[in-house]
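Data block below; observations after.
In UniProt numbering, the protein residues as written are 1 to 147.
Dropping the structure here:
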């Protein structure tokens with residue numbers, strides 16, 4: 001998938017989540033975006049791949065800095081229900097006013113390769129990029145499957 005396609009897919013997903021919340025549906029227990037599948041999801045090196053890096057930055061910049069890579073699957077970016085309060089707050093503060101969507105869908109230009117969304121490192125505010133009780137495992141590029 002291209003970077004643009006990934007950003008559109010995540011934007012549509014966030015807007016559908018927003019619509020569910022406007023309809024008084026409850027938040028999911030775990031919000032999860034799969035950015036890699038197969039053997040590559042076991043390696044921390046995958047965090048630096050373009051799609052994973054862009055989606056991670058987009059989620060944290062748009063919604064919540066609580067999105068992180070879980071210990072059990074490096075190909076997913078997750079956020080727990082208890083941490084998805086920013087989106088719920090946006091719904092509550094709108095007081096029923098018409099909002100087209102949480103993430104505006106326009107024909108605007110994609111970010112350039114030197115912009116913040118492409119260069120941000122996948123680390124949370126605590127500088128780890130994972131939950132505090134999860135150890136960060138260093139892995140080498142040779143552990144990735146040859147493409």
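Here a beta-carbon is modelled for each residue, glycine too, at the ideal position from N, C-alpha and C. Everything numeric in this text was worked out from a predicted model, so none of it was measured.
Residue 59 is a Cβ neighbour of residue 10, given a cutoff of 8 Å. When DSSP states are grouped into helix, strand and coil, residue 2 belongs to the coil group. Look at residue 34 here: in three-state DSSP terms it is strand. In the three-state reduction of the DSSP assignment, residue 84 falls in the coil class. Residue 58: member of the alpha helix (DSSP H) spanning 50-62, first to last residue.
Ranking 16, 23, 6 and 30 by CA distance to the CA of residue 81 puts 30 first.
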